[in-house]
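*Asks:* The following block contains the structure, expressed as structure tokens.
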Amino acid sequence: MGKKEEQFMRRALFLAEKGGRYVSPNPKVGAVLVKGGRVVGEGAHSRFGGPHAEIVALRKAGPRAKGATLFVNLEPCAHQGKRGPCCRAVAAAGVREVVASLQDPYPPVSGRGFRFLRGSGVKVRVGLLRAEAEALNRTFLRAVRSPRPWVILKAAMGWEGGMAFPGGKPRWITGEEARRRGHEARSQSDAVLVGSGTALQDDPSLTVRLPGWTRKDGWPLRVLLDGGLKVRPSARIFRDHPRTLVFCSKSASRPKEKALTRSGVWVFRVPREGKMLSLKAVLKVLRSLGVGTLLVEGGAKVHEGFLRRGLADEALFFVARRKVGPKGPRLDLGGIFPRLQGLRVEKMGEDFLLRGDFKF
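Using my numbering, the letters of the sequence shown correspond one by one to residues 35 to 394.
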């Protein structure tokens, strides 16, 4: 495949990355329609439940789609989800050829879209910029191919790893820019998780607070690990949100469970693994509910639990210039950093964002 075709596919990947911030648990997809060497239509899947990239591109191209070549980073879908099958729309528009980076590993789609297109007389080629396409949708691909979600450990801390100031009262560690990026991470995740210690001390709501951001289906889910059901039903994590999940031990109070379920909270009992709930069991339940990306916000013991069990995939650490204090919860950064690959540092106002992938 020539350089010109690579340029068109890179455009599709760019559109997917730029427009796909709020599509999870769906993949990021961009589409470019080319006819006579010129782009006649392009688009991206920009929100969960919205039109897919191929449909956006076809609408923009109109009758010019007939005889065109479609560049798309993932196989056009062949199943009836929130929208109709994209492969049928592509064939019906008279597209001559589809050039795709990847076959979709999602079982209801995998290979079926390509087979339908070929059966409809559309030429199909697969593999252009495969590595870039896999990197773009690594969280989606991991979730489809694995029994657990992609797990991101997110924390705000002082330069020495401290995660809470002395005295017990919640105080911001990082500045406004870092906190806004934290909310963007929530908005791009399927679920946000904290332990009971964080819920009791900070009383977080775990909601997304970004200007203009809305999602009416209750995602991202709010998830609480509370083995003994210590967090009261009046806590903010249970308010004004249709989707909150609590994981507790099998021996937790039945009356407390009933009080939560009456208010619409979903309670799951899982085994213990040492002093913690079984994180593997928690992840298995979340994956069965469609969670592909899980953002773990704390506290320190919860983070360490995921790390000890090798269940973390990505780090998202906001580090302030100041020291938080000699006491209180902290992460052992000296032990964490050697496990990170591709470590990247980004300036966030007065703070820094450290990002990398865990390798165990």
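Note that beta-carbon positions come from the ideal geometry of N, C-alpha and C, so glycine has one too.
For clarity, every value in this text was computed on a predicted model and none was experimentally measured.
1) Does the stretch 145 to 162 come close enough to the stretch 283 to 294 that 3 or more CB-CB pairs lie under 8 Å?
2) Considering only their Cβ atoms, is the gap separating residue 390 from residue 183 smaller than 7 Å?
3) Could you pull the start and end residues of the beta strand (DSSP E) that residue 104 belongs to?
4) Quick one: using the 10 Å Cβ neighbour count with 16 as the cut-off for buried, is residue 278 buried or exposed?
5) How far does the alpha helix (DSSP H) with residue 237 in it extend, from its first residue to its last?
6) Can at least three beta-carbon pairs, one atom from the stretch 117 to 127 and one from the stretch 168 to 184, be found at a separation below 8 Å?
7) Ordered along the chain, which non-local residues of its own chain (more than five positions away) have a Cβ less than 6 Å from that of residue 217?
8) Would you check if the distance between the CB atom of residue 282 and the CB atom of residue 261 is smaller than 7 Å?
9) Where does residue 194 fall in DSSP's three states?
10) If you follow the beta strand (DSSP E) that residue 316 is part of, which residue opens it and which one closes it?
11) Measure the CB-CB distance between residue 133 and residue 159 and report whether it falls below 7 Å.
12) So is residue 336 buried or exposed if we call it buried at 16+ other beta carbons inside 10 Å?
13) Ordered along the chain, which non-local residues of its own chain (more than five positions away) have a Cβ less than 7 Å from that of residue 153?
14) Consult DSSP for residue 176 and reduce its assignment to one of helix, strand or coil.
15) Looking only at its own chain, which residues have a Cβ that is under 6 Å from the Cβ of residue 239, when we skip the five neighbours before and after it?
16) For the beta strand (DSSP E) that residue 131 lies in, which residues bound it at each end?
17) Quick one: any contact between the stretch 88 to 95 and the stretch 60 to 67, if contact means 3 or more CB pairs under 8 Å?
18) Quick one, which of 334, 388 and 375 has its alpha-carbon nearest residue 366's?
19) Which residue spans inside the stretch 215 to 290 form an unbroken beta strand (DSSP E) run of at least 3?
20) Kindly indicate which residue of 317, 137, 138 and 111 has the alpha-carbon position closest to the one of residue 125.
21) First and last residue of the beta strand (DSSP E) that includes residue 349?
22) Any chance you could list the alpha helix (DSSP H) runs of at least 4 consecutive residues sitting entirely within the stretch 40 to 125, in chain order?
23) Is the beta carbon of residue 364 closer than 7 Å to that of residue 196?
24) Relative to the C-alpha of residue 330, which candidate in 227, 194 and 40 has its C-alpha closest?
25) Take every Cβ of the stretch 348 to 358, pair it with every Cβ of the stretch 377 to 386, and state whether three or more of those distances are shorter than 8 Å.
26) Distance check for residue 109 and residue 138, CA to CA, integer angstroms please.
27) In the DSSP output, which residue or residues are listed as bridge partners for residue 340?
28) Considering just the uninterrupted stretch of the alpha helix (DSSP H) at residue 168, what are its terminal residues?
29) Alpha carbon to alpha carbon, what distance is there between residue 78 and residue 53?
30) Quickly, what does DSSP pair residue 293 with across the bridge? List them, please.
31) What three-state label does DSSP hand residue 205 in the structure shown?
32) Roughly how many angstroms lie between the CA atoms of residue 156 and residue 247, to the nearest whole one?
33) Whole angstroms are fine: how far does the CA of residue 58 sit from the CA of residue 224?
34) Checking 7 Å against the spacing of the C-beta atoms, do residue 68 and residue 42 come in under that value?
35) What whole-angstrom Cβ distance do residue 303 and residue 284 have, given they're in contact under 8 Å?
36) Rounded to whole angstroms, what's the CA-CA distance from residue 305 to residue 264? Just pull it up for me.
*Replies:* In this structure, then:
1) When C-beta atoms of the stretch 283 to 294 are compared with those of the stretch 145 to 162, fewer than three pairs fall below 8 Å, so the two segments do not count as touching.
2) Contact flag unset, no.
3) 103 to 108 is the span of the beta strand (DSSP E), which, as asked, contains residue 104.
4) Taking all protein chains shown into account, residue 278 has 16 or more neighbouring C-beta atoms within 10 Å of its C-beta and is therefore buried.
5) Unbroken run through residue 237: none, as it is neither H nor E.
6) Judged by Cβ distances under 8 Å, the stretch 117 to 127 makes no contact with the stretch 168 to 184, as fewer than three pairs qualify.
7) Cβ neighbours of residue 217 beyond the five flanking positions: 242, 243 and 244.
8) Cβ atoms of residue 282 and residue 261: closer than 7 Å.
9) Here residue 194 sits in coil by DSSP.
10) Segment 313 to 322 is the alpha helix (DSSP H) holding residue 316; no beta strand (DSSP E) there.
11) In this structure, residue 159 lies closer than 7 Å to residue 133 by Cβ.
12) With 16 or more other Cβ atoms within 10 Å, it is buried.
13) Answer for residue 153: no residue qualifies.
14) Note: residue 176 maps to helix in three-state DSSP.
15) Within the same chain, residue 239 has close Cβ partners 270.
16) Going by DSSP, residue 131 is part of the beta strand (DSSP E) stretching over 131 to 136.
17) Below 8 Å, enough C-beta pairs join the stretch 88 to 95 and the stretch 60 to 67 to call them touching: three or more.
18) Out of 334, 388 and 375, 334 has the C-alpha closest to the C-alpha of residue 366.
19) Entirely contained in the stretch 215 to 290, the beta strand (DSSP E) runs reaching 3 residues are, in chain order, 225 to 229, 255 to 259 and 278 to 283.
20) Nearest of 317, 137, 138 and 111 to residue 125, Cα basis: 111.
21) Secondary structure note for residue 349: its beta strand (DSSP E) is the uninterrupted segment 348 to 353.
22) Taking only runs of at least 4 residues, the alpha helix (DSSP H) segments lying wholly in the stretch 40 to 125 are 87 to 95.
23) In this structure, residue 364 lies closer than 7 Å to residue 196 by Cβ.
24) With distances taken between Cα atoms, residue 330 lies closest to 227.
25) Under the 8 Å Cβ criterion, the stretch 348 to 358 counts as touching the stretch 377 to 386, having at least three qualifying pairs.
26) Taking the CA atoms as reference points, residue 138 sits about 5 Å from residue 109.
27) Paired residues: none, contrary to the question.
28) 164 to 170 is the extent of the alpha helix (DSSP H) around residue 168.
29) Distance between the alpha carbons of residue 53 and residue 78: 6 Å.
30) Answer is none; residue 293 lacks a bridge partner.
31) Residue 205 sits in coil when the DSSP states are folded into three classes, being neither helix nor strand.
32) C-alpha of residue 156 to C-alpha of residue 247: approximately 39 Å in a straight line.
33) C-alpha separation (whole angstroms): 6 Å.
34) Going by C-beta atoms, residue 68 is nearer than 7 Å to residue 42.
35) Indeed, because the Cβ distance is near 5 Å, the residues count as touching under 8 Å.
36) Each residue's CA atom was taken as its position, placing residue 305 and residue 264 some 17 Å apart.
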